[in-house]
Amino acid sequence: MTQAAPWQLEILGLRSARGDYCWLDLAAPPEWQSRPGQFVNIRCDDAADATVSGQEIPWTGDGLPDAPHGRHLHGPSPLVRRPISISRLIDDGDGSRRLVLLVRVVGSGSQLLSNRKAGDRLDVIGPLGNGFDLGGPARRAVLVGGGCGIAPLVGLADALAASGRSVTVFYGERSADRVPLPLPESARPTGDGVVALRGTPQLPGADLILATEDGSLGFKGRVTDAMAAWGASCGWDDAELFVCGPDVMMAAVAALARVRGVERCQVSLENYMGCAIGVCLSCAVKIRADNAQGWTYKLVCRDGPVFEAGDVIFENKWEGCKK
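Positions in the sequence shown are counted from 1; adding 13 to them yields this note's numbering.
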């Protein structure tokens, strides 16, 4: 695994996708080695190069002071990097490799990234965090993603398929116009039927089962409903779960795994974070522990983002998904 370090990576391409997503391709250095489930922390704007750390900032007492780079501290240039999952590490076959990232444009930082152009360079720290454990004995790998949680599952599906395991990917969104994956013409609404798409462009070694809440594509309903329908016919024997998405979805999948006797379920948490190196403590989560209070804090950036589902305390969200 590559030692986490700052890199200046060239943008090879930026591709718009449905909804508010875009795919970002970065040139990977020859020594880069990352595992599925790891992430990078990206500086979004060159104007953030000047740091306010350790500097005295003049202030008149009126309003907010100006930062050293000339912009207001509350202005459009984000001072904090943005953590983004590594979707894939691709060998292009000519000695070059690229990182593929999925960016959801929801704020000032991601908006700045989406406005970049091929040839620009980004200040990237990574790879960061602990990825998925691919060494489980189960023959069937079931991957479950919701929203931008599909990002780390793409490269994970590649790795699991390459190891000879059977891979099924469930992906849930609110509607068809929010699905960022390129899909074949055969993708269509299926009502309450669970239909697997085989050999899709970004998941060539996996079966893809789509679920949309409004029924505009794939199964009509939540992704956990599609999983339950699929499990009723395919069963859960010799299966292992890998999950990334909203907390409430991951809690529901973890509960399903427990009820159905799936021995192992790994979840990749998506938390806001500041430094991404274990210093600011802003991404602390409760993890079960053998102590008097029954839990301890761990950091998503340093100890995760991947944890065993049974160890994560989803608090009231977990309780609501036990039914």
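Cβ coordinates follow ideal geometry from the N, Cα and C atoms, glycine included.
Which term fits residue i, buried or exposed, when burial requires 16 or more other beta carbons within 10 angstroms of its beta carbon?
{"i": "D107", "result": "exposed"}
{"i": "T56", "result": "Residue 56 is actually Arg in this sequence, not Thr. With 16 or more Cβ atoms within 10 Å of its Cβ, R56 is classed as buried."}
{"i": "L169", "result": "buried"}
{"i": "D260", "result": "buried"}
{"i": "T225", "result": "buried"}
{"i": "T213", "result": "buried"}
{"i": "A245", "result": "exposed"}
{"i": "R211", "result": "exposed"}
{"i": "L312", "result": "buried"}
{"i": "P165", "result": "buried"}
{"i": "W45", "result": "buried"}
{"i": "A18", "result": "exposed"}
{"i": "E198", "result": "exposed"}
{"i": "P42", "result": "exposed"}
{"i": "L223", "result": "buried"}
Considering just the uninterrupted stretch of the beta strand (DSSP E) at residue i, what are its terminal residues?
{"i": "G177", "result": "Counting along the chain, G177 falls outside any beta strand (DSSP E), and DSSP gives it neither H nor E."}
{"i": "A322", "result": "Element bounds for A322: n/a, residue is neither H nor E."}
{"i": "N54", "result": "52 to 56"}
{"i": "A41", "result": "34 to 41"}
Give the straight-line distance between the Cα atoms of residue i and residue j, rounded to the nearest whole angstrom.
{"i": "R153", "j": "D58", "result": "42 Å"}
{"i": "S281", "j": "C257", "result": "5 Å"}
{"i": "R117", "j": "T203", "result": "27 Å"}
{"i": "L135", "j": "L216", "result": "27 Å"}
{"i": "F327", "j": "V167", "result": "25 Å"}
{"i": "R28", "j": "S127", "result": "9 Å"}
{"i": "P195", "j": "Y34", "result": "12 Å"}
{"i": "G26", "j": "D75", "result": "43 Å"}
{"i": "M262", "j": "G177", "result": "28 Å"}
{"i": "G234", "j": "D190", "result": "15 Å"}
{"i": "T181", "j": "R95", "result": "30 Å"}
{"i": "R301", "j": "G307", "result": "6 Å"}
{"i": "W36", "j": "L221", "result": "19 Å"}
{"i": "C247", "j": "G287", "result": "42 Å"}
{"i": "G160", "j": "V93", "result": "23 Å"}
For the candidate residues the options, whose alpha-carbon lies nearest to that of residue i?
{"i": "S155", "options": "K311, A209, A30, S109", "result": "A small fix is needed here, since residue 155 is Val in this sequence, not Ser. The option with the nearest alpha carbon to V155 is A209."}
{"i": "T237", "options": "V280, A297, G158, L22", "result": "G158"}
{"i": "T309", "options": "L254, G317, K299", "result": "K299"}
{"i": "Q51", "options": "L27, A245, V192, L141", "result": "L141"}
{"i": "N284", "options": "A219, E253, G234, D316", "result": "D316"}
{"i": "R111", "options": "L230, R31, A40", "result": "A40"}
{"i": "E337", "options": "M263, E276, L196, L125", "result": "Beyond the ends of the chain as shown, which are 14 and 336, falls residue 337; an answer cannot be given."}
{"i": "G149", "options": "I163, D251, G122", "result": "D251"}
{"i": "A151", "options": "G160, L173, V119", "result": "L173"}
{"i": "L269", "options": "P193, A241, V113", "result": "A241"}
{"i": "Q340", "options": "D133, V119, S123", "result": "Absent from the structure is residue 340, since the part of the chain shown begins at 14 and ends at 336."}
{"i": "L228", "options": "P318, A219, A30, V192", "result": "It is Gly, not Leu, that sits at residue 228 in the sequence shown. Among P318, A219, A30, V192, the Cα nearest to that of G228 belongs to V192."}
{"i": "D337", "options": "S123, L147, R129, V137", "result": "Not covered by the structure: residue 337. The range shown for the chain is 14 to 336."}
{"i": "E23", "options": "G120, V53, D104, K130", "result": "K130"}
{"i": "L230", "options": "S47, W243, A219, G206", "result": "G206"}
{"i": "S100", "options": "E321, C278, G144", "result": "G144"}
Is any beta-carbon of chain D found at less than 9 Å from that of residue i?
{"i": "I55", "result": "The question asks about chain D, but that chain is absent: this structure has only one protein chain."}
Give the range of the alpha helix (DSSP H) segment to which residue i is assigned.
{"i": "R315", "result": "Here R315 belongs to no alpha helix (DSSP H), and DSSP marks it neither H nor E."}
Check: Unbroken beta strand (DSSP E) runs of length 3 or more, entirely within the region 113 to 180: which are they?
Finding: Runs found: 134 to 141, 153 to 159.
Check: Counting only runs that start and end within the region 246 to 293, where is the beta strand (DSSP E) found for 3 or more residues in a row?
Finding: Every unbroken stretch of the beta strand (DSSP E) spanning 3 or more residues and falling wholly within the region 246 to 293 is given here in chain order: 252 to 257, 278 to 281.
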